[in-house]
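Asker: My questions all concern the structure below.
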Amino acid sequence: MILFDSGASHFFISYACAAVLGVHVCDLGLRLLVSMPASASVIASELCVGCPVVVNEKKYKVNLICLPLVDIDIILGMDWLSVNRILIDCANRRLIFP
């Protein structure tokens with residue numbers, strides 16, 4: 100389950116999803132205080148570098164910060180969509196790729 104979050108300043112992955120994908124988790128090199136809307140803030144200190152994310156049969160490599168997310172595997176912000184020239188068509192509930 101991927102959440103496209105227009106307010107997200109970074110990109111995130113749940114620890115559970117990272118484990119299922121078998122991606123390497125490394126030290127972020129700093130401690131990042133992340134505000135979570137459904138709970139208190141959490142401190143993130145781990146990162147998955149070049150994590151493969153497949154959206155609409157296209158594969159992307161994304162650096163994702165690890166968080167203890169529940170019911171969401173990955174959070175991608177609008178910056179990611181913009182860089183990859185992907186549009187969200189809310190009226191028709193679909194993503195539009197270049």
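Its first residue numbered 100, the sequence shown is counted upward by one per residue in this note's numbering.
Every residue, glycine too, gets a C-beta built ideally from N, C-alpha and C.
If you're wondering where the values come from, they're calculated on a predicted model, not measured in any experiment.
Quick one: give me the first and last residue of the alpha helix (DSSP H) that V182 is part of.
Answerer: M177 to V182 is the span of the alpha helix (DSSP H), which, as asked, contains V182.
Asker: What number of angstroms, rounded off, separates the C-alpha of L129 from the C-alpha of E145?
Answerer: One C-alpha to the other measures close to 9 angstroms.
Asker: I'd like to know whether the C-beta atoms of C165 and V148 end up nearer to each other than 8 angstroms.
Answerer: No, these two residues do not count as a Cβ contact at 8 angstroms.
Asker: What did DSSP end up calling L120 once you bin it into helix, strand or coil?
Answerer: Reduced to three states, the DSSP call for L120 is helix.
Asker: Spatial neighbours of A135 within its chain, please: CB distance less than 7 angstroms, with the 5 preceding and 5 following residues excluded, ordered by chain position.
Answerer: Checking the sequence, you will find Met at residue 135 rather than Ala. Here the set comprises V141.
Asker: Quick check on DSSP: helix, strand or coil for A115?
Answerer: A115 falls in the helix class under three-state DSSP.
Asker: With burial defined as no fewer than 16 other Cβ atoms inside 10 Å of the residue's Cβ, what is the status of L168: buried or exposed?
Answerer: Buried, by the Cβ-count rule.
Asker: Shortest alpha-carbon distance to V119 belongs to which of V133, N162 and I173?
Answerer: When each option's Cα is compared against that of V119, the closest is I173.
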